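Report on the following structure.
2 protein chains.
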Amino acid sequence: MNIEAKAGSSFTHTFRFSQADVEAFAQVTGDTNPLHLDAEFAATTPFKRPIIHGMLGASVFTKVLGTQYPGYGSVYLKQTLEFMRPMFVDTDYEGVFTIVSINPDKHTAEISTEILDSQTRKVTTRGVATLMNKEKF
Amino acid sequence: MNIEAKAGSSFTHTFRFSQADVEAFAQVTGDTNPLHLDAEFAATTPFKRPIIHGMLGASVFTKVLGTQYPGYGSVYLKQTLEFMRPMFVDTDYEGVFTIVSINPDKHTAEISTEILDSQTRKVTTRGVATLMNKEKF
Chain A
1138 MNIEAKAGSS
1148 FTHTFRFSQA
1158 DVEAFAQVTG
1168 DTNPLHLDAE
1178 FAATTPFKRP
1188 IIHGMLGASV
1198 FTKVLGTQYP
1208 GYGSVYLKQT
1218 LEFMRPMFVD
1228 TDYEGVFTIV
1238 SINPDKHTAE
1248 ISTEILDSQT
1258 RKVTTRGVAT
1268 LMNKEKF
Chain B
1138 MNIEAKAGSS
1148 FTHTFRFSQA
1158 DVEAFAQVTG
1168 DTNPLHLDAE
1178 FAATTPFKRP
1188 IIHGMLGASV
1198 FTKVLGTQYP
1208 GYGSVYLKQT
1218 LEFMRPMFVD
1228 TDYEGVFTIV
1238 SINPDKHTAE
1248 ISTEILDSQT
1258 RKVTTRGVAT
1268 LMNKEKF
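In order, the protein sequence lines correspond to chains A and B.
The end of the first sequence is residue 1274 by our numbering, with every number in the run present.
The end of the second sequence is residue 1274 by our numbering, with every number in the run present.
Now the structure itself:
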């Protein structure tokens, strides 16, 4: 078990997406909702400008959990997601991961997952991940 | 309100992903977990071969909800996800969307979201989406 893998320990990862990332995500997933791609359409919405797909923002959870914290060997079991505020391109965000509980018998953990705007500190997305990792938990 | 937008109505969308899709998803999200990309590593896991990122499979939810059912104008509020069974490339899956409840005052709906293997009919991923759509709900 990793020294950091105990309830209450946390990990932060800073990230940002570009409009090219949004377009690549739209292409691979097929989610071509104009809210994400069409500035003219987005201007007619309460958001005023294109927002990132909520699932693209939330993909920082699978990225960090799968590759960094706890990392390789992780198997994703569950994720809850609340899309609380819009996210925009070319903006710094922080993914904050906090271990809520570990079940050593099952090699699973519940990890609180949040995205904050690096400047305003407001939470844009939050949820809880459940992971299995036989080496880390 | 769309004629289909009532509790109990449902919509099915068939889809599949290729290994190129998995690689594109890994690139845009940064989730380079070898479980999805490296056949040699995956052979050492209980899955025996590379599995699709759970979030890539679940992206069919944002795709269909954002572009088809209920479609444009949808704003994603919440999504729960349970990754119950692995998903593989070059395999047909069905996304099944069933309206659980509509709140016309808030223009929101809860929609059950499931992915089934088209052949075995086993559920690979399930959850509930909460959406706002001012024109459809």
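C-beta atoms are modelled at their ideal positions from N, C-alpha and C, and glycine is treated no differently.
These numbers come from a predicted model, not from an experiment.
Shown here for Val-1159/B: same chain residues with a beta carbon closer than 8 Å to its own, the five before and five after excluded, namely His-1173, Leu-1174, Pro-1187, Ile-1189, His-1190, Leu-1193 and Val-1226 in chain order. For Thr-1199/B, there is no enclosing beta strand (DSSP E); the enclosing alpha helix (DSSP H) has its first and last residue at 1191 to 1204. For the segment 1158 to 1178 of chain B, the set of positions with a beta-carbon nearer than 7 Å to some beta-carbon of chain A reads Asp-1158, Ala-1161, Phe-1162, Val-1165, Thr-1166, Gly-1167, Asp-1168, Thr-1169, Asn-1170 and Pro-1171 in chain order.
Within 10 angstroms of the beta-carbon of Val-1201/A lie 16 or more other beta-carbons, which makes it buried. Contacts between Ser-1211/A and chain B, judged by CB atoms closer than 9 Å, involve Asn-1170 and Leu-1172 in chain order. According to the DSSP assignment, Gln-1256/B belongs to no beta strand (DSSP E), since it is labelled neither H nor E. Between the C-alpha atoms of Ile-1236/B and Asp-1254/B there is a straight-line separation of about 21 Å. Interface criterion met: the Cβ of Lys-1200/B is under 8 Å from a Cβ in chain A.
Listed along chain B are Leu-1214 and Lys-1215, each with a C-beta nearer than 8 Å to that of Glu-1219/A. Distance from the CA of Thr-1217/A to the CA of Thr-1267/A, rounded to the nearest whole angstrom, comes to 9 Å.
In terms of CA proximity to Gln-1256/A, Phe-1152/A leads the group Ser-1147/A, Phe-1152/A and Ala-1144/A. By the neighbour-count criterion, in which 16 or more other beta carbons inside 10 Å mark a residue as buried, Glu-1272/A falls on the exposed side.
Shown here is that no member of the segment 1240 to 1266 of chain B has a Cβ falling below 8 Å from a Cβ of chain A.
In the three-state reduction of the DSSP assignment, Val-1165/B falls in the helix class, which pools H, G and I. The alpha-carbon separation between Tyr-1206/B and Pro-1223/A amounts to approximately 21 Å. Contact between Gly-1264/A and Asn-1170/B fails: their C-beta atoms lie close to 19 Å from each other, not under 8 Å.
Listed along chain A are Asp-1168, Thr-1169, Asn-1170, Leu-1172, His-1173 and His-1190, each with a C-beta nearer than 9 Å to that of Gly-1203/B.
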